[in-house]
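A.B. asks: Before I ask anything, here is the structure I am working with.
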């Protein structure tokens, strides 16, 4: 668990981060969202002490991070950068092996772990001997992720990790990201300015502006219970798509009709309506078998969308 | 060399073969000097460059200082070193390393600050400490830029190392500057061509290293220091200790002349194993007991300043060197009043007067203009300038005090007695440069010495020389008629003094050892061997 208390960072007269506090539960994915200059990256970099705060403290699992040497602290925290920050003079394998070598793992253990990771991240063995500049942007980002995950740190910090990728590659990596079991056991704090990405990947979102947290909560809370006009207008432009992403099928479970038809694709109800809709297309299915608790229902595309709108009407008339 | 007085013109190749021992030694010394100083420059420049990336505040001061060092003319920098470090290898290495510093510091700084910030941040975020970041990330990634700096420094050093011969540190400069003094093109080329080839070769080799791919760079960072150390050690192989009880230092010019070291060897059988040193520092080195026997000129003011005495040339190998202005005939036609004006000085300056005038400039540091003016005034020759505009007479001079004084006197005389104006081109290096300037119509006149005209410019057969040099008038007549015939240049009347070559020692030491003549010197050296 990460606990941030009254954290501030001033650059000369500018309050980049202004007295913020928040907590992140174990295995939770918190997104720091905001426009550039809002202090989200500064906040992130204070957690692994790349930037030292002006005041405030941070606890990881109850331990004050300022009581540890920065090097030891950092070896236990994975870090993924926007421009991947791979060492251009190291091969892919050497890049991934950096932290294990600092931790003095023996070479067999390193080799085994790398082999395991590249399979999970859909990289090929041949690429291990390549240099970063010989890989595509998406592949480089996967190597960056592998490097952060290799020593299996409990905490992962990600600074706009998918920001430099094109849309197609990004949505593909988003899907892999959500499916990766390694990440399910990690506490993740991710910085992004992309609202869609925040809604797609985050359990909770902390919306920041001018060094302060404006609202912190689940995507649904931000959408339907905005604390002020700033939050509302920040989400306004892409609202419909965000709602599809924020609302989970289990939320609209009561509104889904029973259907006799049986589909050929099985899903669980804790995915978003958006993911459900994408599945019709990607799996070329007419009906999805969705399971919620003990119950399984077959749902068609129109039925899903109708149920969503009913749900939405209900919320706005509350 | 001057030994080849006759027969056929020697080719460069023959010269190099004949002098292959010297050539090899000078080349080795040259490589050694270049790389010893380079290694030290890297050992200082690299950490300093790294340090200023950590303390950006100091980067301006450090780079500025190194930049200023770079702008000091090489000869001047070598000159500054002598009071601190004496002559020989030490000051040469220090001067060279000061030149090499700037490119190394600057490129280290640029290379490291140029490393992608994201890569440095990633290294930090993965838990590398600052030393790991430096050695595993910053230095490897900055290596090609740093190597480019080392490459620049190497080429600079190969060039500047030619000047090391001025302060007795050896190298290919011995041939280059000896050749210039002796008007020997083969000798100049025998030094200049290998020096140029060395620069090209090292530049090429280092460029290969610079463009190696990143993986091989790791091996390069190991092999490079090793290679540098091997190259540097080359200097010490040929530099065997100089034999004998007395240390001798001769100018490059004296080394190669029949009426210099060659004559000492052949006519006296004197073998003193001299080191080669520039005239500018030789006297001081003798005074400071770093040298015991030096070559010099009998009218040199520093004789008096440094308590030196001239050893008697009992076998008469040093021919007369009576000074006289030499003028192109067409300049005499163009400026009809010139000849009689220049002749105003003839017979006026004796050896002792010239020594005294030289003493004033060389030791009392009076300006040549002031010394010239005082002399002319005391001999009632000084007239105020007429500010003439009837053409400009171009006066040249070689690069030492006596020539400056004479050039100043002629300037004042021409301005006071004629309607011509004067432009001076002083400091034209040695005989070759000065004479070529005259012969190619870049100057109209300069003061020359009969012996130089005979041996360095005309270079007749040794038989002719032997028949002339015992008698000062014969030498003058021969030189005057040959110059007129060959170059259409006229020798005007001699000024009076004889600035001949001489061997010198400290007066006190010479008395202690009972050495008065060159033959005495030889006897002394042999008795001890």
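Protein chains in written order, with the working numbering: chain A, 2 to 319; chain B, -15 to 513.
Glycine included, every Cβ here is placed at the ideal spot set by N, Cα and C.
Remember, it's a predicted structure, so these values are computed and weren't measured experimentally.
1) Confirm, please, whether the CB-CB distance from residue 76(A) to residue 93(A) is below 8 Å.
2) In chain A, which residues lie with their C-beta within 8 Å of the C-beta of residue 105(B)?
3) Which residues in the same chain have their Cβ closer than 8 Å to the Cβ of residue 272(B), if we skip the five residues on either side of it in sequence?
4) Check the Cβ-Cβ distances between residue 103(A) and every residue of chain B, and say whether any is below 8 Å.
5) Would you say residue 482(B) and residue 330(B) are within 8 Å of each other, going by their C-beta atoms?
6) I want to verify the contact list: residues of chain B whose CB lies under 9 Å from the CB of residue 73(A), in sequence order.
7) Leaving out five residues before and five after residue 219(A) in sequence, what residues of the same chain have Cβ atoms less than 6 Å from its Cβ?
8) Does any residue of chain C have a CB that is nearer than 8 Å to the CB of residue 99(A)?
9) For the alpha helix (DSSP H) that contains residue 49(B), what are its first and last residues?
10) Out of 117(A), 254(A), 216(A), 161(A), which one is the CA nearest neighbour of residue 320(A)?
11) Could you tell me the distance, in whole angstroms, from the CA atom of residue 302(A) to the CA atom of residue 280(A)?
12) By how many angstroms is the C-alpha of residue 77(B) removed from the C-alpha of residue 357(B)?
13) With which residues is residue 475(B) paired in a DSSP beta bridge?
14) Which chain B residues are close to residue 194(A), counting only those with a beta carbon under 7 Å from its beta carbon?
15) I'd like the list of long-range same chain contacts for residue 478(B), defined as Cβ closer than 6 Å, with 5 residues on each side in sequence excluded.
16) Looking at residue 191(A) and residue 202(A), is the spacing between their C-beta atoms short of 8 Å?
17) So, with DSSP's three-state summary, where would you put residue 289(A)?
18) To which residues of the same chain is residue 251(A) closer than 7 Å at the C-beta, ignoring the five residues directly before and after it?
19) Assign residue 151(A) to one of two classes, buried (16 or more other C-beta atoms within 10 Å of its C-beta) or exposed (fewer than that).
20) Would you verify that the beta carbon of residue 89(A) is, or is not, closer than 8 Å to some beta carbon of chain B?
21) Since residue 143(B) is in the beta strand (DSSP E), which residue starts that stretch and which ends it?
22) Closer than 9 Å, Cβ to any Cβ of chain B: which residues of the segment 170 to 186 of chain A, in chain order?
23) Under the DSSP definition of a beta bridge, which residues are partnered with residue 25(A)?
24) Taking just the CA atoms, how far does residue 233(A) sit from residue 194(A)?
25) Kindly provide the ranges of any alpha helix (DSSP H) runs that are 4 or more residues long and lie completely inside the segment 123 to 190 of chain A, ordered along the chain.
26) With distance defined between alpha-carbon atoms, name the residue in 42(A), 62(A), 83(A) nearest to residue 54(A).
27) Could you give the residue range of the beta strand (DSSP E) that holds residue 205(A)?
28) Below 7 Å between beta carbons is the criterion; list the residues of the segment 108 to 136 of chain B that meet it against any residue of chain A, in chain order.
29) If you follow the alpha helix (DSSP H) that residue 504(B) is in, where does it begin and where does it stop?
30) Check whether chain B comes within 8 Å of residue 240(A), counting only Cβ atoms and requiring the distance to be less than that.
31) Contact defined as beta carbons within less than 8 Å: I believe residue 411(B) pairs with residue 369(B). What is the distance between those atoms, to the nearest angstrom?
32) Is it a yes or a no for the segment 149 to 164 of chain B touching the segment 2 to 16 of chain B, going by three-plus beta-carbon pairs under 8 Å?
33) What's the gap between the Cα of residue 335(A) and the Cα of residue 52(B)?
34) Alpha carbon to alpha carbon, how far is residue 428(B) from residue 274(B)? Give it in angstroms, no decimals.
35) Excluding sequence positions up to five away, which residues of its chain have a Cβ less than 7 Å from the Cβ of residue 499(B)?
36) Looking at residue 173(B): is its Cβ nearer than 8 Å to the Cβ of residue -4(B)?
C.D. replies: To lay it out plainly:
1) Your numbering for residue 93(A) matches position 92 in the first chain. Your numbering for residue 76(A) matches position 75 in the first chain. No, Cβ-Cβ distance for residue 93(A) and residue 76(A) is not below 8 Å.
2) Within the second chain, residue 105(B) is the residue found at index 121, counting from 1. The answer, in chain order, is 51, 82, 86.
3) Taking the first residue of the second chain as 1, we reach residue 272(B) at position 288. 70.
4) By one-based count along the first chain, residue 103(A) stands at place 102. Yes - at least one Cβ of chain B is within 8 Å of the one on residue 103(A).
5) The residue given as residue 482(B) occupies position 498 in the second chain. The residue given as residue 330(B) occupies position 346 in the second chain. No, these two residues do not count as a Cβ contact at 8 Å.
6) Along the first chain, read from residue 1 onward, the residue named residue 73(A) stands at position 72. Result: 111.
7) Along the first chain, one-based indexing puts residue 219(A) at 218. Cβ neighbours of residue 219(A) beyond the five flanking positions: 205.
8) In the structure shown, chain C cannot be found, because the protein chains are A and B.
9) As a working note, residue 49(B) is residue 65 in the second chain. Note, residue 49(B): alpha helix (DSSP H), 40 to 55.
10) Because residue 320(A) is not part of the residues shown, which for chain A are 2 to 319, the question remains open.
11) Here residue 302(A) refers to the residue found at position 301 of the first chain. Here residue 280(A) refers to the residue found at position 279 of the first chain. Cα to Cα, the separation comes out at about 10 Å.
12) In the second chain, counting from the first residue as 1, residue 357(B) sits at position 373. In the second chain, counting from the first residue as 1, residue 77(B) sits at position 93. Approximately 41 Å between the Cα atoms of the pair.
13) As a working mapping, residue 475(B) is identified with position 491 in the second chain. Answer by DSSP bridge pairing, in chain order: 310(B).
14) Here residue 194(A) is taken as the residue at index 193 of the first chain, counted from 1. Chain B residues near residue 194(A): none, gap ~17 Å exceeds 7 Å.
15) Along the second chain, read from residue 1 onward, the residue named residue 478(B) stands at position 494. Hits under 6 Å: 306, 308.
16) The residue you call residue 202(A) lines up with position 201 of the first chain. The residue you call residue 191(A) lines up with position 190 of the first chain. Contact: yes.
17) Here residue 289(A) corresponds to residue number 288 of the first chain, with the count starting at 1. Strand.
18) On the first chain, position 250 is the one that residue 251(A) refers to. So the list reads 270, 271, 293, once near-sequence residues are dropped.
19) The residue you call residue 151(A) lines up with position 150 of the first chain. Counting Cβ neighbours within 10 Å, residue 151(A) comes out buried, since at least 16 surround it.
20) Against the first chain, residue 89(A) aligns to sequence position 88. So yes, residue 89(A) belongs to the interface.
21) Taking the second chain and counting its residues from 1, one reaches residue 143(B) at position 159. From DSSP, residue 143(B) is part of no beta strand (DSSP E) but of the alpha helix (DSSP H) over 123 to 144.
22) none
23) Taking the first residue of the first chain as position 1, residue 25(A) is located at position 24. The partner list for residue 25(A) (beta bridge, DSSP) reads 3(A).
24) Against the first chain, residue 194(A) aligns to sequence position 193. Against the first chain, residue 233(A) aligns to sequence position 232. Between residue 194(A) and residue 233(A), the C-alpha separation is close to 16 Å.
25) 138 to 150, 168 to 180, 182 to 185
26) As a working note, residue 54(A) is residue 53 in the first chain. Comparing Cα positions, the closest option is 42(A).
27) Residue 205(A) sits at position 204 when you count from the first residue of the first chain. Segment 205 to 210, the beta strand (DSSP E) holding residue 205(A).
28) 108, 109, 110, 111, 112, 113, 121, 124, 125
29) Residue numbering aside, residue 504(B) sits at position 520 when the second chain is read from its first letter. 502 to 511 is the extent of the alpha helix (DSSP H) around residue 504(B).
30) As a working note, residue 240(A) is residue 239 in the first chain. Cβ-Cβ to chain B under 8 Å: no for residue 240(A).
31) Within the second chain, numbered from 1, the residue matching residue 411(B) stands at position 427. Within the second chain, numbered from 1, the residue matching residue 369(B) stands at position 385. Between residue 369(B) and residue 411(B) the Cβ distance is about 23 Å, and since that is not below 8 Å, they are no contact.
32) yes
33) Residue 335(A) cannot be examined here, being either before or after the span of chain A that is shown, 2 to 319.
34) Your numbering for residue 274(B) matches position 290 in the second chain. Your numbering for residue 428(B) matches position 444 in the second chain. Rounded to whole angstroms, residue 274(B) to residue 428(B) spans 41 Å at the Cα level.
35) For the purposes of this step, residue 499(B) is identified with residue 515 of the second chain, where counting begins at 1. Once the five neighbours on either side are set aside, the close Cβ partners of residue 499(B) are 295, 489, 505, 508.
36) Residue numbering aside, residue 173(B) sits at position 189 when the second chain is read from its first letter. Residue numbering aside, residue -4(B) sits at position 12 when the second chain is read from its first letter. Result yes, Cβ atoms of residue 173(B) and residue -4(B) sit closer than 8 Å.
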